[in-house]
Structures are given as structure tokens and as C-alpha cells.
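Let me begin by presenting the structure, written as C-alpha cells, before commenting on it.
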Amino acid sequence: SSFNNTNFKKLNLSTKRNKIIIFPHCYFDNPHRYRSMIFSDFYLQVKFFLNLSKKNNQFEWYYKPHPNELRGKLDVHKNILKDYPNVIYLDKDISHKSIIDLKPACVVTNHGTVSHEYAYFNIPVINTGDNPHINYNFCLHLKSKNEIIKKLNNLKNFSKKINFDKKKIYEYMYLHYEYFPNL
Numbered sequence: 004s005s006f007n008n009t010n011f012k013k014l015n016l017s018t019k020r021n022k023i024i025i026f027p028h029c030y031f032d033n034p035h036r037y038r039s040m041i042f043s044d045f046y047l048q049v050k051f052f053l054n055l056s057k058k059n060n061q062f063e064w065y066y067k068p069h070p071n072e073l074r075g076k077l078d079v080h081k082n083i084l085k086d087y088p089n090v091i092y093l094d095k096d097i098s099h100k101s102i103i104d105l106k107p108a109c110v111v112t113n114h115g116t117v118s119h120e121y122a123y124f125n126i127p128v129i130n131t132g133d134n135p136h137i138n139y140n141f142c143l144h145l146k147s148k149n150e151i152i153k154k155l156n157n158l159k160n161f162s163k164k165i166n167f168d169k170k171k172i173y174e175y176m177y178l179h180y181e182y183f184p185n186l
């Protein structure tokens, strides 16, 4: 598990600014797996947040590719970040425990498992599209670019409204990983 540090790299960062972690999806994967999303593909989603990072310096921005990224495709992520020296690239083998220890202000995904994984640790998650967690309120399900900007500018207030109910997270995990696959 990447929630322990046994087989994964650790982070050694000591800054006091609030942190946002971008968890991009594989750019060669199926972006329209679910009903809808704000962006037409994952590249545009990431570019939107990277452009925000240049305008919004109240946060320290991080970017961590998926640990199972397709072979040879990590260079795509690194090339995208060349125009964004303010964004810190995290190796795909950095553990989630290390990231959780950073106490990020929020994390960003479209429909990733980080939604329930980070919500479990009371870390706000922004989803930019339809996702398996859509019927739960332990993360944010935003509908527009304007709503993303509004939430990030008032993240502290919106974070207080998220219901990090562990029972609901467990319910989601049971239904998603056990109940429906075994019908």
C-alpha cells in the first residue's frame, strides 16, 4: 500500500504554505468514462490547474503522476511542467502517506480513487467530473471552471462544509469494491 512508507519514497519538504496536489489521470486513458466532465480531456484539466497555479500563489502546487502510469509516458508529465517552474513534480513512487503528512489544503482529480482515500483523512478533494463518488458529500463535485476558481479562492470556508463521514466512506468502499463487483 502506498499509504505506508515501507516500499515508497518519502517527501522531505518543510514549507508552511497551504498545498494543492494535482493527481492527473493518464493522458492516454479514457477521459469520458463517466457521464460528464468540465474539461474535454485530462490534458485540458491539468493545463487549467497549472495556469491557475501561476495566478494563485497563496498555495504551493504539486503534481504527482499515477503510480501505474503507462511505460514511457512519464516524460509527457515532465514536459508539461516545463512551463510551470512554480509547480513541484512529485515522483510517481512518493507514498500517499508522505503526501498526507504534508497536510494539503486540497487535492485535485477528475474521478480518481484519491477522492475517497484522501477524504478519509479529512483532506478536501475536488472532482472535475462525474465520478463513482458523485452521490456522496465527502468530496467536492464541481460543475464549472468558475466554480473551481470560486472554491479555491474560498477553500477554507468550503472545506468546513464537506462531510468527512467515515461511515459514508466505508459504505462507498463496500459498495464499489465488494457489493457491485460480486452481484
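According to my numbering, the stretch in the sequence shown is residues 4 to 186, in order. Using N, Cα and C, we set each Cβ at its ideal position, and we do this for glycine too.
Cα-Cα separation between residue i and residue j, rounded to whole angstroms
{"i": "Lys-81", "j": "Glu-63", "result": "18 Å"}
{"i": "Asn-54", "j": "Tyr-182", "result": "40 Å"}
{"i": "Lys-67", "j": "Leu-93", "result": "5 Å"}
{"i": "Cys-109", "j": "Glu-72", "result": "22 Å"}
{"i": "Asn-21", "j": "Leu-186", "result": "43 Å"}
{"i": "Phe-161", "j": "Ile-23", "result": "15 Å"}
{"i": "Lys-57", "j": "Lys-50", "result": "11 Å"}
{"i": "Lys-169", "j": "Pro-135", "result": "17 Å"}
{"i": "Lys-164", "j": "Asn-60", "result": "24 Å"}
{"i": "Glu-174", "j": "Ile-83", "result": "37 Å"}
{"i": "Leu-105", "j": "Phe-141", "result": "20 Å"}
{"i": "Pro-184", "j": "Pro-88", "result": "42 Å"}
{"i": "Ile-103", "j": "Lys-153", "result": "24 Å"}
{"i": "Ser-101", "j": "Tyr-65", "result": "13 Å"}
{"i": "Gln-48", "j": "Lys-148", "result": "10 Å"}
{"i": "Gly-75", "j": "Lys-85", "result": "17 Å"}
{"i": "Leu-77", "j": "Tyr-180", "result": "28 Å"}
{"i": "Phe-151", "j": "Tyr-123", "result": "Going by the sequence as given, residue 151 is Ile instead of Phe. Ile-151 and Tyr-123: Cα-Cα distance of roughly 22 Å."}
{"i": "Pro-107", "j": "Ile-137", "result": "22 Å"}
Contact set for residue i: own chain, Cβ-Cβ below 8 Å, skip 5 residues either direction
{"i": "Asn-125", "result": "Phe-167"}
DSSP bridge partner residues for residue i (one or two, in chain order)
{"i": "Phe-62", "result": "Asn-21"}
{"i": "Asn-130", "result": "Thr-112 and His-144"}
{"i": "Met-40", "result": "Gly-132"}
Contacts around residue i, its chain only, beta-carbon distance under 6 Å, and the 5 residues preceding and following it disregarded
{"i": "Arg-38", "result": "Asp-133"}
{"i": "Val-117", "result": "Phe-26 and Val-110"}
{"i": "Lys-19", "result": "none"}
Cβ-Cβ distance between residue i and residue j below 8 Å
{"i": "Asn-156", "j": "His-144", "result": "no"}
{"i": "Val-128", "j": "Thr-112", "result": "yes"}
{"i": "Lys-146", "j": "Ile-41", "result": "yes"}
{"i": "Lys-171", "j": "Tyr-139", "result": "yes"}
{"i": "Phe-45", "j": "His-28", "result": "yes"}
{"i": "His-114", "j": "Met-176", "result": "no"}
Chain-order list of residues whose beta-carbon lies under 7 Å from that of residue i (same chain, five-residue window excluded)
{"i": "Val-79", "result": "Tyr-30"}
Boundaries (first-last residue) of the alpha helix (DSSP H) holding residue i
{"i": "Asn-160", "result": "158-163"}
{"i": "Ile-102", "result": "99-104"}
{"i": "Asp-2", "result": "Nothing about residue 2 can be reported from this structure: the residues present for the chain run from 4 to 186 only."}
{"i": "Glu-120", "result": "117-122"}
Start-to-end residues for the beta strand (DSSP E) that takes in residue i
{"i": "Ile-137", "result": "Where Ile-137 is concerned, there is no enclosing beta strand (DSSP E), given that its DSSP letter is neither H nor E."}
{"i": "Ile-91", "result": "90-92"}
Closer than 7 Å: residue i CB and nearest the ligand HEM heavy atom
{"i": "Leu-73", "result": "Of the ligands one can find in the structure shown there are none, so the ligand HEM has no counterpart to examine."}
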